[in-house]
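J.: Here you go, one structure.
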Amino acid sequence: MKEILKEHLELILGEELARRSLTISVAESCTGGLLGSRITDVPGSSAYFMGGIIAYSNEVKIKELQVKEDTIAEHGAVSEETAREMAINIKRLMDTDLGLAVTGIAGPDGGSKEKPVGLVYVALASNEDVEVYRLNLKGDRKENKWQTTDYALYFTYKYISGKEDFI
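Counting in the numbering used here, the final residue of the sequence shown is number 610, and the numbers go up one at a time with none missing.
This is the structure in structure tokens:
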């Protein structure tokens, strides 16, 4: 992503969502509300942003986002499968066109050899399908949270616009 455009991701995505009359909701874990905050930083975002759930604990993922206990037990909270269920379920719960979910290990602790710090899954559910992206970020906790939201906004823009770039 071009550095200058990263500063405007939420604005560019917001314009595209509004232009296409699409609505979006978010399910966040490792970003702790930053994704929803960035989306709502754009004036007029109430036209397309319906809401979100910060599901930091597994209990909230299961109870509020209705992620299956078996999914978390078998694959873990940080997995493609969990991210997929989070995206599908937030879309359904909020009755939106798109459901965007992030789950990962921001750091500095919590990682393992199999799932290191910086491992993040971003999932986007639409009426047609679900796309899941795996990220391996290398920043500190704050950088990983910001990079996760950058990628989530970018992947969503790319999906709905069909464009690789913003120009």
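All residues carry an ideal CB built from backbone N, CA and C; glycine is no exception. The structure displayed is predicted, hence computed values, not measured ones.
#1: Would you say S488 and M537 are within 7 Å of each other, going by their C-beta atoms?
#2: Inspect the beta-carbon positions of D540 and L465 and report whether they are closer than 7 Å.
#3: L567 and T599: beta carbons closer than 7 Å?
#4: According to DSSP, S468 sits in a beta bridge with which residue or residues?
#5: Let me check understanding here. Comparing Cα to Cα, which of V545, A490 and G475 lies closest to E458?
#6: Determine the burial state of S500: buried for a count of at least 16 other Cβ atoms within 10 Å of its Cβ, exposed for fewer.
#7: Suppose you measure from the CA of E524 to the CA of K606; what does that come to, to the nearest Å?
#8: CB L562 to CB G547, shorter than 7 Å?
#9: Is it buried or exposed for S522, if we count other Cβ within 10 angstroms and need 16 for buried?
#10: Give me the Cα-Cα distance between D593 and N587, rounded to the nearest whole angstrom.
#11: Count the other CB atoms, across all protein chains shown, that sit within 10 Å of the CB of E471; report buried if there are 16 or more and exposed otherwise.
#12: Hey, which unbroken runs of the alpha helix (DSSP H) at 4 residues or more fall wholly within the stretch 496-581?
#13: From which residue to which residue does the alpha helix (DSSP H) around G476 run?
#14: Would DSSP call K585 helix, strand or coil?
#15: When the distance is taken between beta carbons, is L508 closer than 7 Å to I496?
#16: Taking the straight line between their C-alpha atoms, what separation do you get for T397 and W589?
T.: In brief:
#1: no
#2: yes
#3: yes
#4: G494 and G542
#5: A490
#6: exposed
#7: 26 Å
#8: yes
#9: buried
#10: 10 Å
#11: buried
#12: 501-506, 512-518 and 523-537
#13: Taken as a continuous stretch (DSSP letters only), G476 belongs to no alpha helix (DSSP H), as it is neither H nor E.
#14: helix
#15: yes
#16: Since the first and last residues shown for the chain are 444 and 610, residue 397 lies out of range.
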